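Numbering-wise (full-length UniProt numbering), the sequence shown opens with residue 1 and increments by one.
Where a beta carbon is used, it is the ideal one built from N, C-alpha and C, also for glycine.
In this text, all values refer to a predicted model and were calculated from it rather than measured experimentally.
Structure first, then comments.
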Amino acid sequence: MRPPEPTSGSRLTGGPTESSPGRRHRLVYLALALGVLLTRLPFLAGTGLGRDPDAWRLWLAGRIAADTGSYVPSRPPGYPALELVATALQGVPWEVFAALTTGATAVAVVAIAALARDLGVRWWPVVGAGLALTHVVLVTSTAFMDYAWALAALGCALLAARRRRPVAAGALLGLAVACRPSSAVAAVALLVVAALLPWWTLRRVLVAGAAAAAVVLAFFAVPLATYGPDLLSAAPEPFRLERTVQHVGAGVAGVAGAVGLALVAGAAAFRWARGGRPAPDGERRAWRTALAAGIVAQLGAYLLLPVDAAYLIPAVAMVWLLAGMLLRRAELAVLVAAAVAGSLVPGLGVPSAAEVAADRRATLEETTAMVEAVERLPAGSLVVVRGRLPQLLALAGAEVLPSLDPAGTAARVTLDGGQVVTYAYRPSDRENPRVYRLPGVSGAPEHLPVLPV
Numbered sequence: 001m002r003p004p005e006p007t008s009g010s011r012l013t014g015g016p017t018e019s020s021p022g023r024r025h026r027l028v029y030l031a032l033a034l035g036v037l038l039t040r041l042p043f044l045a046g047t048g049l050g051r052d053p054d055a056w057r058l059w060l061a062g063r064i065a066a067d068t069g070s071y072v073p074s075r076p077p078g079y080p081a082l083e084l085v086a087t088a089l090q091g092v093p094w095e096v097f098a099a100l101t102t103g104a105t106a107v108a109v110v111a112i113a114a115l116a117r118d119l120g121v122r123w124w125p126v127v128g129a130g131l132a133l134t135h136v137v138l139v140t141s142t143a144f145m146d147y148a149w150a151l152a153a154l155g156c157a158l159l160a161a162r163r164r165r166p167v168a169a170g171a172l173l174g175l176a177v178a179c180r181p182s183s184a185v186a187a188v189a190l191l192v193v194a195a196l197l198p199w200w201t202l203r204r205v206l207v208a209g210a211a212a213a214a215v216v217l218a219f220f221a222v223p224l225a226t227y228g229p230d231l232l233s234a235a236p237e238p239f240r241l242e243r244t245v246q247h248v249g250a251g252v253a254g255v256a257g258a259v260g261l262a263l264v265a266g267a268a269a270f271r272w273a274r275g276g277r278p279a280p281d282g283e284r285r286a287w288r289t290a291l292a293a294g295i296v297a298q299l300g301a302y303l304l305l306p307v308d309a310a311y312l313i314p315a316v317a318m319v320w321l322l323a324g325m326l327l328r329r330a331e332l333a334v335l336v337a338a339a340v341a342g343s344l345v346p347g348l349g350v351p352s353a354a355e356v357a358a359d360r361r362a363t364l365e366e367t368t369a370m371v372e373a374v375e376r377l378p379a380g381s382l383v384v385v386r387g388r389l390p391q392l393l394a395l396a397g398a399e400v401l402p403s404l405d406p407a408g409t410a411a412r413v414t415l416d417g418g419q420v421v422t423y424a425y426r427p428s429d430r431e432n433p434r435v436y437r438l439p440g441v442s443g444a445p446e447h448l449p450v451l452p453v
């Protein structure tokens, strides 16, 4: 006779063996992964590496390393895990990089769903589906960016911590940091778990910390040996209240997602006020506290560098985990529906997922035309391209010399035809009679003639 499935309580109190999924659960994990892949297919073709210049900086860093054998950071403080991927895959179509990012997203979704199941969440597949369909997760999963890769490593680290595997938890946290250094903030959640659960003795915490440090040092050894402490820096970003509110609100889940979250949270709070809040056991309470602490820590870190809503993706995953632990099925269903609507319907400056893909395709076509226009100029001509520089260099196949920031604000690159493309305009450039600026590129001096494309 087949033994009965463990209950939520037995999953919480048992060790790694009791948490192992049965065949039915593996099929659900597979369905979640396939769902991630299928929902991204319409947004992959013809988009290249994405619109964000940082995606093209990653690719350029890989190309420089492959061509010269020299390490260069895509941008400080270095993203060595993704730069290594870009180096290893030089020569493959750009869409392969985006497709691999989609695969990393599938890993992240499955890991978060598995963690929800281990924590006794009855509707754990809904948690995974909700995360996969949240606007900021959806749009970043189809471009060669570090967010999805870091989330995959972080989700697996949290799952390993729940299953009492300190070496794996630490190593995966280190991998998340190597993908995206700001992932170190997520260590707050792991530290709270270790502080509240007796199983996590000081020895086990030190083992996990040593594993994390070893992985981080392994990835950052060459970058630090090459550039020293100057590498560990980040450009400051002024705080803008309106932009920050937009990112934290509509930027993460779209307008519909933000409204849905507010309504569901209000309904749940009303229910709890009337005595409908369940009393969690010790481990569930510890994980709730840890996830809440992780969310607060990531919000605080975001306020220090409020650049993009995608910086909050780890917090988004933790919000879905908390929602699974606290909400009823109907409330979760409303939340997922709101997330889907937030991805499909634009509003308040947040484009839909389809609009993001269309913009990426248009940008790729426009930049290709710009490269052709630059190459028609006589040798010695100078073109101020600003933020288009990384993508333009990649499309032009330009030779980029190793430097601390090869496609940054100080970069000037000479193309094969002798034309020079630059990020910024300098006073000395006034002596050059042939200086242009790209159309639609902000930040270039208005007196410069627009390059005809």
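Listed in chain order, the non-local C-beta contacts of W56 below 7 Å within the same chain comprise L49, P390, Q391 and A394, local neighbours out to five positions each way being set aside.
Under the three-state reduction of DSSP output, T422 falls in the strand class. Proximity to S381 across V248, V450, A212 and T226 peaks at V450, based on C-alpha coordinates.
The criterion of a C-beta distance shorter than 8 Å is satisfied by E83 and L58. When DSSP states are grouped into helix, strand and coil, L49 belongs to the coil group.
Per DSSP, the beta bridge partners of G347 are V350.
Note that the C-beta distance between V252 and L312 is below 8 Å. Taking a C-beta distance under 8 Å as the contact criterion, G78 and P314 do not qualify as a contact pair. The C-alpha of A310 is placed about 19 Å away from the C-alpha of V110. Taken atom to atom, the span from the alpha-carbon of V207 to that of G440 is near 53 Å. One alpha carbon belongs to L154, the other to G130, and they sit about 18 Å apart. Around the C-beta of H447, fewer than 16 other C-beta atoms lie within 10 Å, and the residue is accordingly described as exposed. Within its own chain, the residues whose Cβ lies closer than 6 Å to the Cβ of V177, once the five positions on either side in sequence are excluded, are S183, A184 and V216, listed in chain order. Residue pairing of V383 in beta bridges, as defined by DSSP: V421 and Y436. Taking C-beta atoms under 8 Å as the contact rule, A161 and V193 qualify, at a distance of about 6 Å. By the beta-carbon neighbour count (other beta carbons within 10 angstroms, threshold 16), F270 is exposed. Annotation for R204: P166 place their beta carbon closer than 7 Å to its own, counting only its chain and skipping 5 residues before and after. By the neighbour-count definition (other C-beta atoms within 10 Å, threshold 16), T367 is a buried residue. S352 counts as buried, since at least 16 other C-beta atoms from the protein chains shown sit within 10 angstroms of its C-beta. Judged by pairs of C-beta atoms under 8 Å, the segment 250 to 268 does not touch the segment 278 to 298, as fewer than three such pairs exist. Non-local beta-carbon contacts of L348 in its own chain, meaning distances under 7 Å to residues more than five positions away in sequence, involve Q246, A250 and V255 in chain order. With contacts defined as CB atoms closer than 8 Å, L60 and P406 qualify as a contacting pair. If only uninterrupted beta strand (DSSP E) runs of at least 3 residues are considered, none is enclosed by the segment 131 to 214.
Taking one beta carbon from each stretch, the segment 60 to 73 and the segment 425 to 439 have fewer than 3 pairs nearer than 8 Å; the two do not touch. With contact defined as three or more Cβ pairs closer than 8 Å, the segment 353 to 362 and the segment 135 to 143 are in contact. According to the DSSP assignment, T414 belongs to the beta strand (DSSP E) that extends over R412 to T414. Note on geometry: alpha-carbon atoms of A189 and V36 lie some 26 Å from one another.
Listed in chain order, the alpha helix (DSSP H) elements of length 4 or more contained wholly in the segment 272 to 335 are 282 to 304 and 313 to 326.
For the 8 Å CB-CB criterion, V316 and V137 form a contact. At a Cβ-Cβ threshold of 8 Å, G282 and A338 do not count as neighbours.
Contact check for R75 against D52 fails: the beta carbons are separated by 8 Å or more. For T409, no alpha helix (DSSP H) encloses it, and the DSSP letter there is neither H nor E. Distance from the CA atom of W320 to the CA atom of R329, rounded to whole angstroms, is 13 Å.
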